[in-house]
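Residue numbers (the numbering used here): 68 to 389.
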């Protein structure tokens with residue numbers, strides 16, 4: 068496997084363990100204009116090879132990631148191919164993925180992402196080697212592999228994903244019934260306003276927009292979940308990358324412990340972030356303990372309540388409190 072240039076060195080490798088990680092829409096980097104890098108003499112041009120999967124293969128940048136990957140994955144399986152022009156194994160894997168996407172006829176979509184032109188997406192996934200392929204469904208990673216696997220193994224991997232997700236994603240069902248991808252419902256302008264504010268990095272405006280939805284529809288679960296993600300994203304983007312080191316150097320500093328936990332969760336080091344706060348709860352009492360507990364419970368809200376990491380952390384929290 069080839070090491071990508073500019074990848075996050077301290078991020079965990081992408082693997083099946085990514086399943087259930089924090090919702091990508093809450094953690095994705097703010098959209099920047101993609102940096103175009105011209106190919107070197109004799110190199111293959113950047114982008115997918117000609118004659119690929121047609122309408123079921125798309126090039127994705129940091130600016131289009133939210134719409135093309137996160138939002139699309141709410142209806143259909145999206146398979147993300149993280150590649151680079153200089154990566155030899157990528158040139159072997161990409162044509163296979165494009166061929167299979169064409170054969171799938173809309174049962175899943177291949178999203179190709181150049182890690183050199185879009186380094187923040189690479190960092191989001193914690194990529195340490197390429198090619199890396201990540202399956203996204205319902206706004207979250209559900210499985211992944213690294214390296215140029217043989218075609219039969221990839222076929223089997225895709226079929227297992229389709230079997231597991233068929234009842235959850237209408238796009239898979241529609242394609243298998245010959246109807247192609249489902250027609251999207253008209254966008255709710257209230258959510259569009261909030262999402263556009265989020266993409267601009269204006270978290271205050273996004274929070275206010277989601278709050279207005281909840282003021283009129285207190286039971287709107289989508290707005291509730293989005294509001295939690297926006298608030299966390301606002302905190303996480305302000306967190307000092309040295310937060311963990313500072314927290315380790317001063318265990319009694321609650322501000323440092325909270326910031327370090329946010330940073331760890333944002334880096335998909337979820338268990339570490341939970342464990343850090345539970346340890347702080349064991350060391351504190353009174354208002355300090357309650358402050359840490361509330362912060363931890365707020366982090367739980369970023370995840371599915373059935374997530375094994377949340378279940379374990381809740382048990383540990385109960386043990387620490389009682």
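C-beta: ideal position from N, C-alpha, C; glycine also.
DSSP beta-bridge partners of residue i
{"i": "residue 208", "result": "203"}
{"i": "residue 126", "result": "179"}
{"i": "residue 140", "result": "DSSP lists no partner for residue 140."}
{"i": "residue 213", "result": "199"}
Element boundaries [beta strand (DSSP E), containing residue i]
{"i": "residue 179", "result": "175-181"}
{"i": "residue 149", "result": "144-150"}
Neighbourhood of residue i by C-beta distance below 6 Å, restricted to the same chain and skipping five residues each side
{"i": "residue 328", "result": "340, 343 and 344"}
{"i": "residue 390", "result": "Examination of residue 390 is not possible in this model, given that the chain is present from 68 through 389 alone."}
{"i": "residue 363", "result": "344"}
{"i": "residue 367", "result": "377"}
{"i": "residue 347", "result": "324 and 359"}
{"i": "residue 380", "result": "341"}
Check whether residue i and residue j have beta carbons under 7 Å apart
{"i": "residue 149", "j": "residue 180", "result": "yes"}
{"i": "residue 201", "j": "residue 147", "result": "yes"}
{"i": "residue 355", "j": "residue 321", "result": "yes"}
{"i": "residue 376", "j": "residue 331", "result": "no"}
{"i": "residue 290", "j": "residue 273", "result": "no"}
{"i": "residue 280", "j": "residue 257", "result": "yes"}
{"i": "residue 314", "j": "residue 323", "result": "yes"}
{"i": "residue 335", "j": "residue 193", "result": "yes"}
{"i": "residue 154", "j": "residue 203", "result": "no"}
{"i": "residue 182", "j": "residue 151", "result": "yes"}
8 Å CB neighbourhood of residue i in its chain, flanking five on each side removed
{"i": "residue 222", "result": "167"}
{"i": "residue 123", "result": "168, 169, 171, 172, 173, 175, 176 and 177"}
{"i": "residue 111", "result": "The predicted position of residue 111 is uncertain, since its pLDDT is 37 and thus under 50; a value taken from the coordinates is nonetheless stated next. The residues are 152 and 158."}
{"i": "residue 287", "result": "280 and 281"}
{"i": "residue 284", "result": "290"}
Continuous alpha helix (DSSP H) stretch holding residue i: start and end
{"i": "residue 374", "result": "That residue, residue 374, is in no alpha helix (DSSP H); it is neither H nor E in DSSP."}
{"i": "residue 313", "result": "310-316"}
{"i": "residue 158", "result": "155-171"}
{"i": "residue 299", "result": "288-303"}
{"i": "residue 346", "result": "337-350"}
{"i": "residue 135", "result": "Run containing residue 135: none; DSSP gives neither H nor E here."}
{"i": "residue 330", "result": "321-333"}
{"i": "residue 186", "result": "186-192"}
{"i": "residue 236", "result": "Residue 236 -> no alpha helix (DSSP H), and no H or E assigned at all."}
{"i": "residue 259", "result": "256-267"}
{"i": "residue 389", "result": "Residue 389 -> no alpha helix (DSSP H), and no H or E assigned at all."}
{"i": "residue 390", "result": "There is no way to answer for residue 390, as the model of the chain reaches only from 68 to 389."}
{"i": "residue 284", "result": "First-last for residue 284: undefined, no H or E at that position."}
Integer-rounded CB distance, given that residue j should sit under 8 Å from residue i
{"i": "residue 229", "j": "residue 141", "result": "That pair is no contact at about 16 Å."}
{"i": "residue 387", "j": "residue 349", "result": "5 Å"}
{"i": "residue 205", "j": "residue 235", "result": "7 Å"}
Own chain residues within Cβ distance below 7 Å of residue i, not counting five before or after
{"i": "residue 383", "result": "345"}
{"i": "residue 159", "result": "215"}
{"i": "residue 275", "result": "none"}
{"i": "residue 243", "result": "174"}
{"i": "residue 218", "result": "163"}
Heavy atom of the ligand MN within 6 Å of residue i beta-carbon
{"i": "residue 224", "result": "As presented, the structure is devoid of all ligands, the ligand MN included, so that no description of it is given."}
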